[in-house]
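From first to last, the protein sequence lines stand for chains A and B. Letter by letter, the first sequence follows residues 1 to 465 in my numbering. Letter by letter, the second sequence follows residues 466 to 930 in my numbering. By construction, the Cβ of each residue, glycine as well, lies at the ideal position given by its N, Cα and C atoms.
2 protein chains.
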Amino acid sequence: MQLATVKEIYRETNRFLNQKVEISGWVRTLRTSKAFGFIEINDGSFFQNIQVVFEESLENFAEVGKLSISSAIRVQGELVPSPGAKQPFELKAETIEILSIAAADYPLQKKRHTFEYLRTIAHLRPRTNTFAAVFRLRSVIAYAIHKFFQEKGFVYVHTPIITGSDAEGAGEMFKVTALDLAQPPKDEEGNVDYSKDFFGRVTSLTVSGQLNVETYCMAFRNVYTFGPTFRAENSNTARHAAEFWMIEPEIAFANLADDMNLAEEMMKYLIQYALDNAPEEMAFFNNFVDKSLFKRLENILTSDFVRTTYTEAVEILEKEKEKAKFEYPVRWGMDLQTEHERYLTETIFQKPVFVTDYPKDIKAFYMRLNEDQKTVAAMDLLVPGVGEIIGGSQREERLDVLESRMQELGLSAEDYWWYLDLRRYGGVNHAGYGLGFERMIMYLTGMSNIRDVIAFPRTANFCEF
Amino acid sequence: MQLATVKEIYRETNRFLNQKVEISGWVRTLRTSKAFGFIEINDGSFFQNIQVVFEESLENFAEVGKLSISSAIRVQGELVPSPGAKQPFELKAETIEILSIAAADYPLQKKRHTFEYLRTIAHLRPRTNTFAAVFRLRSVIAYAIHKFFQEKGFVYVHTPIITGSDAEGAGEMFKVTALDLAQPPKDEEGNVDYSKDFFGRVTSLTVSGQLNVETYCMAFRNVYTFGPTFRAENSNTARHAAEFWMIEPEIAFANLADDMNLAEEMMKYLIQYALDNAPEEMAFFNNFVDKSLFKRLENILTSDFVRTTYTEAVEILEKEKEKAKFEYPVRWGMDLQTEHERYLTETIFQKPVFVTDYPKDIKAFYMRLNEDQKTVAAMDLLVPGVGEIIGGSQREERLDVLESRMQELGLSAEDYWWYLDLRRYGGVNHAGYGLGFERMIMYLTGMSNIRDVIAFPRTANFCEF
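The following block contains the structure:
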C-alpha cells in the first residue's frame with residue numbers, strides 16, 4: 001500500500017497504476033446505485049479530482065453511499081485504468097474510512113454560486129474550482145517572482161510596513177496607533193500627543209517600499225521588495241483594495257531602457273511560468289473565465305513591446321480622438337485616462353506598449369528630470385485588456401536637481417534626509433518600477449474583480465474573517 | 466569589452482581572465498603612491514570586493530587617486546592574475562570613469578563602528594561587510610523557505626495584515642484606523658463610533674496568520690504563509706521587535722509527529738541551503754560574528770532531533786535543579802523559562818529537542834486536547850544557543866471539543882464562526898507551526914540583536930526611515 005496524493009497519481013501515473021494506493025481527501029460529488037457508487041475526491045494537492053469506485057462488497061457500503069459533500073475519507077484500493085472516457089484511471093476502493101461527515105447545510109452544494117455570494121464565505125470558496133485555480137496560481141506566480149529575481153542575483157528586501165514618513169504622497173494612509181482612541185493623550189495646545197504613542201510619533205501603513213528599497217539598491221546593486229501595501233481610499237471599484245501586494249525592483253548603474261528591458265523580461269517570464277507550471281488551472285481560466293486569455297497572453301509572449309514617448313502618444317491620440325470617441329479630452333500635459341491607454345495598446349499598437357517621458361507635473365518628485373526640463377524619465381507599461389499594469393522611472397540621482405524639485409513641491413528636506421544621503425554618498429543612476437501583484441493575477445486569470453484574487457480582501461466597510 | 470559583475474568574475478573566472486572587462490561599483494578602499502594605486506571596488510553583486518590597479522599613465526590619475534570612500538566609478542581594463550597573495554586576480558585599469566564623488570563626511574570610513582551607531586544610519590549600513598552579509602543571507606533564506614515549501618507542493622497564502630478579529634490573543638495589537646484621532650466620531654453613549662471608520666469596525670494589525678491559513682489548509686491540504694506580523698508590546702529586548710516576519714505552514718491529514726517531521730526537515734534544509742548558497746557570508750559570520758557557528762549548525766544537520774514530552778522534561782529538570790541553579794522554579798503546570806529550555810537542549814541532550822504535550826492551561830485554545838484531558842498536542846522546538854525557535858501544534862478538529870474549550874476560555878463562538886465552520890464541513894486532523902523569520906536569521910548568522918537582522922527595525926519609540 002503506497003500513500004499517494006492526487007497530484008502524484010496524475011503526474012507519475014505509471015508509478016501507481018495497477019498498484020495498491022491510499023489517498024485521503026474530500027468528497028466533491030457522489031453518485032450511487034444499488035450495487036455500486038462513484039465518488040469524486042479532491043485532496044487539495046491538485047486541481048483535478050480522482051474518481052473512486054466502490055461496490056456493495058464494501059463493509060460500510062450504505063454509510064459511504066450517504067456521505068454528504070465535503071465529508072472527508074481515506075480510501076485504500078487499486079488504481080486501475082478507467083473504462084469511462086472522462087478520466088484515464090480510477091481508484092477501485094477496497095476500504096473507505098470515513099474521517100469526518102460534513103454537516104448537511106454545507107453551502108457549496110452542486111449548484112453554481114455567484115462570485116458575490118462566494119465572497120461572503122471566503123473561508124470556503126477555495127474549495128470551488130474557480131477559486132482553487134485562482135489561489136493556486138497566485139501561489140505559483142508569487143514563487144515565480146522570487147525565482148525570476150533571485151536567479152538574476154537580486155537581493156530581496158523586506159521594507160517596513162509601519163512607516164513614520166508620508167513616503168511619496170502616493171495616497172491616503174491608514175494610521176497605526178497603540179493609543180486609546182476614546183481618550184488619546186493631549187499636549188498643552190489640545191492636540192493629540194503622539195510622543196506618547198508606541199513609536200513616539202505619528203505612524204502609518206506603507207503605501208510603497210520604493211524609497212526604502214532604494215537605500216538597499218545603493219548597497220546591493222539589484223534589489224526588490226515584495227510585500228503588502230495599503231491605501232485608505234474609499235474607491236469602491238473592481239480594481240482597488242485597501243490592502244494589496246506589490247513588487248518593486250530597483251536596479252543600479254541602470255537607466256530607463258534597462259528598466260523597461262527588465263519589466264518586459266519579467267512579464268514574459270511570469271506568463272510562461274504560469275503556462276508551464278499551472279497548465280490545468282490556466283486551461284480552466286481560458287475555458288471558463290476568459291475565452292480570449294491564451295490568445296492575449298500568447299500575444300505578449302511573442303511581441304517586442306512597443307516603446308513610445310508620452311508626447312508621441314498624445315499626438316497619436318489627438319489624431320484619433322474623433323474616431324475613438326474619447327470621453328476625456330486629450331492634450332499634452334494631462335494624465336492619460338484608461339480609455340486612452342487601452343486605445344493605444346489595443347487599437348493602435350495591438351500589443352504591449354511602454355509610454356515614456358511624461359510631463360514632470362503629473363509624476364512623482366523622485367523621477368529623473370530629462371534634458372528638456374519638462375518631462376521626466378518615467379515609463380508606464382500598458383497591456384491589452386487592462387491598460388496600465390506597471391509604472392516606473394529612472395530616479396533622480398543628482399542631489400541639486402532633486403533638492404530643487406522637492407522645494408518646488410514643498411517637500412521638506414529634513415523628512416527625507418536619508419533619501420538625500422543616497423545622493424550625497426556615491427549615488428549613481430538607478431531605476432525601478434512597481435507591479436501590483438493582484439493586477440498581475442487578474443491579468444493572468446481573466447478574473448475581473450480584485451476581491452476575487454485576494455484570499456481575504458479588505459475594502460471600504462469590509463474586513464471580515 | 467565585456468560587461469561584468471564582481472559576482473560573475475568570482476564565479477566564472479575563466480570566462481573573464483585575460484579578457485577586457487568593464488565593471489561599475491563603489492570605492493571601498495583606496496591606496497595610492499606616486500606611480501600607481503589600488504582600489505577595492507564593491508558592486509553590490511557579491512560579498513567580496515575586486516581589486517583595481519591603476520597607473521600614472523591613466524589620463525585622470527590624479528583625480529582618481531583622490532577619490533573619497535563610496536564614490537562610484539566605471540572601470541575598463543584587463544582582468545589579470547594577481548601577483549599579490551590576497552586575491553586571485555585583479556583588474557588592470559585602462560580607463561576609470563568617475564560616476565559620482567561621495568561627500569567627504571561619508572560616515573562609513575575605514576574605522577570600526579558599533580552596531581548601535583550603525584542602527585542610526587540603517588540606510589547606509591548594508592554597505593558594511595557585516596550587514597551586507599546579514600541582508601544577503603536574509604534574502605537567500607527567504608527564497609529557500611519558498612523553495613522548500615513550493616517544491617513540496619505547498620500553496621503560499623497571503624493571509625490578511627489588517628484584521629477585524631483578535632485572533633488568538635497572542636499579544637497586544639496595533640490599531641489601524643482612518644479616523645481623525647483628535648476628533649473621532651462618537652456614538653450616543655460617548656464611545657468612539659467605529660462604524661464610521663474605514664472598515665466600519667475596529668481593526669488591528671495581525672499577530673498571526675494561522676487561523677486564516679487553516680481555512681486554506683482545508684482546501685489545499687498543505688499550505689503556508691510568510692508575511693509580516695505585529696506586536697504592540699513594549700519589551701525592549703534584543704529578541705523582540707514590533708514588526709517581524711513569520712512563516713506558518715499548515716498541513717492536513719497530519720498529526721503532531723508529521724508536524725515535527727516537517728519542522729525538522731525544514732530546519733535542516735534551511736541550514737544546508739545557507740551553507741551551499743552563501744558560503745562567503747557564512748564563513749564571515751563564523752570568523753567574525755560567532756566562532757561556534759559552523760559547529761552549532763553542523764550539530765543540527767547531523768542530529769536526529771530529540772522528542773520528549775513536557776512531563777518528561779519537567780521530571781528531568783526537577784532532578785537537575787540543584788546542579789543547574791535555575792532562577793525560576795520548575796514544576797508541572799508552569800511554562801518553561803528560557804533557562805530551562807536551554808538547559809534541556811544544551812546540557813541534557815546537546816542537540817535540538819522537541820518538547821511535546823504541554824499542559825492545556827498554558828497553551829492556546831485551538832490546540833488539540835490529548836486523551837489525558839490535561840495536555841494538548843503542542844510542540845516547541847528548542848535549539849542550542851537560543852532555546853525555543855519554533856512553536857506548533859496539532860489543531861483541535863473536533864467541533865464539540867473546540868466549542869467547549871472556547872467556552873471555558875470565554876471566547877465567543879460568533880467571533881469565530883468561520884473558524885468553527887472548518888470543523889463543521891469536512892474538518893480533518895491537521896497541524897502546523899510558526900517560525901519567526903528573524904529568529905532564524907539570528908540563528909544562522911550569530912547576530913544577537915533582532916534590530917540587526919531587520920532592514921529598518923520598528924521597536925518601542927523607534928520608527929525612523
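- Query: Hey, does A:Asp259 have any beta-carbon neighbour from chain B nearer than 8 Å?
  - Reply: Start at 1 with the first residue of the first sequence, and residue 259 of chain A comes out as number 259. By this cut-off, A:Asp259 is not an interface position.
Between A:Asn236 and chain B, is the shortest Cβ-Cβ distance under 8 Å, so that the two count as touching?
Locating residue 236 of chain A in the first sequence gives position 236, where the first residue counts as 1. With 8 Å as the cut-off, A:Asn236 does not count as an interface residue toward chain B.
Task: Which of helix, strand or coil DSSP assigns to A:Ala4 - done: As a working note, residue 4 of chain A is residue 4 in the first sequence. A:Ala4: coil per DSSP, three-state reduction.
A:His146 - containing alpha helix (DSSP H), residue span:
Walking along the first sequence from the start, residue 146 of chain A turns up at place 146. Unbroken alpha helix (DSSP H) run through A:His146: 129-151.
So, are the CB atoms of A:Glu40 and A:Asn49 less than 8 Å apart?
-> The count along the first sequence starts at 1 and reaches residue 40 of chain A at position 40. The count along the first sequence starts at 1 and reaches residue 49 of chain A at position 49. Cβ atoms of A:Glu40 and A:Asn49: closer than 8 Å.
query = Going by beta carbon distance, what residues of the same chain come within less than 6 Å of B:Asp917, once the five residues before and after it are set aside?
reply = Looking up residue 917 of chain B in the second sequence gives position 452. Answer for B:Asp917: Phe580, listed in chain order.
For B:Ala567, I'd like the list of residues in its chain whose CB is within less than 6 Å of its CB, leaving aside the five on either flank, ordered along the chain.
For the purposes of this step, residue 567 of chain B is identified with residue 102 of the second sequence, where counting begins at 1. Once the five neighbours on either side are set aside, the close Cβ partners of B:Ala567 are Ser533, Ser535, Ser536.
task: Using a Cβ cut-off of 8 Å, pull out every chain A residue sitting near B:Glu708, in sequence order please.
output: Taking the first residue of the second sequence as 1, we reach residue 708 of chain B at position 243. Near B:Glu708 (Cβ distances below 8 Å), the residues of chain A are Pro160, Ile161, Ile162.
Alpha carbon to alpha carbon, how far is B:Ser768 from B:Pro817? Position 303 of the second sequence, counted from the start, is the residue given in the question as residue 768 of chain B. Position 352 of the second sequence, counted from the start, is the residue given in the question as residue 817 of chain B. If you take the alpha carbons of B:Ser768 and B:Pro817, they lie about 8 Å apart.
Report task. Tell me where the alpha helix (DSSP H) around A:Leu297 begins and ends. Result -> Walking along the first sequence from the start, residue 297 of chain A turns up at place 297. Unbroken alpha helix (DSSP H) run through A:Leu297: 293-302.
Q. Along chain B, in chain order, which residues have C-beta atoms closer than 7 Å to that of A:Asn461?
A. If you number the first sequence from 1, residue 461 of chain A lands on position 461. Chain B residues near A:Asn461: Phe664, Gly665.
For the structure I just gave you, are there three or more beta carbon pairs, one from the segment 262-281 of chain A and one from the segment 545-561 of chain B, closer than 8 Å? no
Proximity winner among B:Lys557, B:Tyr571, B:Ser489, relative to B:Ser522 (alpha-carbon distances): The residue you call residue 522 of chain B lines up with position 57 of the second sequence. The shortest Cα separation from B:Ser522 among B:Lys557, B:Tyr571, B:Ser489 belongs to B:Lys557.
7 Å CB neighbourhood of A:Phe154 in its chain, flanking five on each side removed
As a working mapping, residue 154 of chain A is identified with position 154 in the first sequence. Excluding residues within five positions, the ones whose Cβ falls inside 7 Å are Asn222, Val223, Tyr224, Pro249.
Q. When you compare only the Cα positions, how much space is there between B:Asp880 and B:Glu708?
A. Walking along the second sequence from the start, residue 880 of chain B turns up at place 415. Walking along the second sequence from the start, residue 708 of chain B turns up at place 243. Their Cα atoms are separated by approximately 25 Å.
Just to confirm before moving on: does the CB-CB distance between A:Met260 and A:Arg307 stay below 8 Å?
Locating residue 260 of chain A in the first sequence gives position 260, counting from the first residue. Locating residue 307 of chain A in the first sequence gives position 307, counting from the first residue. Yes, the Cβ-Cβ distance between A:Met260 and A:Arg307 is below 8 Å.
For the segment 218-237 of chain A, which residues have a CB atom closer than 8 Å to at least one CB atom of chain B, in sequence order? Met218, Ala219, Phe220, Arg221, Asn222, Gly227, Pro228, Phe230, Ala232, Asn234
Extent of the continuous beta strand (DSSP E) run through A:Thr13: Here residue 13 of chain A refers to the residue found at position 13 when the first sequence is read from its first residue. No beta strand (DSSP E) holds A:Thr13; the alpha helix (DSSP H) holding it covers 13-16.
### Message
What does the Cβ neighbour count give for B:Trp797, buried or exposed, with the cut at 16 atoms within 10 Å?
### Response
Position 332 of the second sequence, counting from 1, holds the residue named residue 797 of chain B. With fewer than 16 Cβ atoms within 10 Å of its Cβ, B:Trp797 is classed as exposed.
Check: Can you tell which of A:His158, A:Phe456, A:Ala324 has its C-alpha closest to the C-alpha of A:Phe131?
Finding: Within the first sequence, residue 131 of chain A is the residue found at index 131, counting from 1. The candidate whose alpha carbon is nearest that of A:Phe131 is A:Phe456.
**Study point:** DSSP three-state assignment for A:Ser195, whether helix, strand or coil
**Key:** Against the first sequence, residue 195 of chain A aligns to sequence position 195. DSSP places A:Ser195 in helix when its eight states are reduced to three.
* To do: Report the neighbours of B:Ser536 on chain A: residues whose CB is nearer than 7 Å to its CB, in chain order.
  => The residue given as residue 536 of chain B occupies position 71 in the second sequence. In chain order: Gly426.
Discussion item. Here's the rule I'm using: 16 or more other beta-carbon atoms within 10 Å means buried, otherwise exposed. How should B:Ile915 be labelled?
Written reply: Start at 1 with the first residue of the second sequence, and residue 915 of chain B comes out as number 450. B:Ile915 is buried by the Cβ-count criterion.
What three-state label does DSSP hand A:Ile450 in the structure shown? As a working note, residue 450 of chain A is residue 450 in the first sequence. Three-state result, A:Ile450: helix.
(Q) Distance cutoff 8 Å, beta carbons only. Does A:Ser412 sit that close to anything in chain B? (A) For this step, residue 412 of chain A is matched to residue 412 along the first sequence. By this cut-off, A:Ser412 is not an interface position.
Rounded to a whole number of angstroms, what is the C-alpha to C-alpha distance between A:Val355 and A:Gly432?
Here residue 355 of chain A refers to the residue found at position 355 when the first sequence is read from its first residue. Here residue 432 of chain A refers to the residue found at position 432 when the first sequence is read from its first residue. Those two C-alpha atoms are separated by around 15 Å.
What does A:Ala377 reach in chain B if we use C-beta pairs closer than 7 Å?
The residue given as residue 377 of chain A occupies position 377 in the first sequence. Correct list: empty, because the minimum Cβ distance to chain B is about 17 Å.
| request: Flag A:Gly153 as yes if its beta-carbon sits less than 8 Å from any beta-carbon of chain B, otherwise no. | output: As a first step, residue 153 of chain A is located in the first sequence; it is residue number 153 there, counting from the start. By this cut-off, A:Gly153 is an interface position.
Reduced DSSP secondary structure (H/G/I, E/B, other) of B:Ile488 = Working through the second sequence from its first residue, we reach residue 488 of chain B at position 23. B:Ile488: strand per DSSP, three-state reduction.
To which residues of the same chain is A:Ser82 closer than 8 Å at the C-beta, ignoring the five residues directly before and after it?
-> Position 82 of the first sequence, counted from the first residue, corresponds to residue 82 of chain A. Around A:Ser82: Gln51, Pro88, Phe89, Glu90.
### Message
Using DSSP's beta-bridge definition, name the partner residues of A:Trp245.
### Response
Position 245 of the first sequence, counted from the first residue, corresponds to residue 245 of chain A. According to DSSP, which records beta bridges pairwise, A:Trp245 is partnered with A:Pro228.
Output yes if chain B places a C-beta closer than 8 Å to the C-beta of A:Tyr106; else output no.
For the purposes of this step, residue 106 of chain A is taken as the residue at position 106 of the first sequence. So, interface residue.
Rounded C-beta distance between A:Thr159 and A:Val213? I'm assuming under 8 Å.
One-based indexing of the first sequence puts residue 159 of chain A at position 159. One-based indexing of the first sequence puts residue 213 of chain A at position 213. That belief holds up - the Cβ atoms of A:Thr159 and A:Val213 are roughly 5 Å apart, short of 8 Å.
**OP:** Report back the beta-carbon spacing between A:Met334 and A:Phe365 to the nearest angstrom; my notes put them in contact at under 8 Å.
**Re:** Position 334 of the first sequence, counted from the first residue, corresponds to residue 334 of chain A. Position 365 of the first sequence, counted from the first residue, corresponds to residue 365 of chain A. No, A:Met334 and A:Phe365 are not in contact; Cβ-Cβ is about 19 Å, not under 8 Å.
B:Ala739 and B:Glu903 closer than 8 Å at C-beta
For the purposes of this step, residue 739 of chain B is taken as the residue at position 274 of the second sequence. For the purposes of this step, residue 903 of chain B is taken as the residue at position 438 of the second sequence. Cβ distance not < 8 Å, so B:Ala739 and B:Glu903 don't count as in contact.
Continuous beta strand (DSSP E) stretch holding B:Gly530: start and end: For this step, residue 530 of chain B is matched to residue 65 along the second sequence. From DSSP, B:Gly530 is part of no beta strand (DSSP E) but of the alpha helix (DSSP H) over 526-530.
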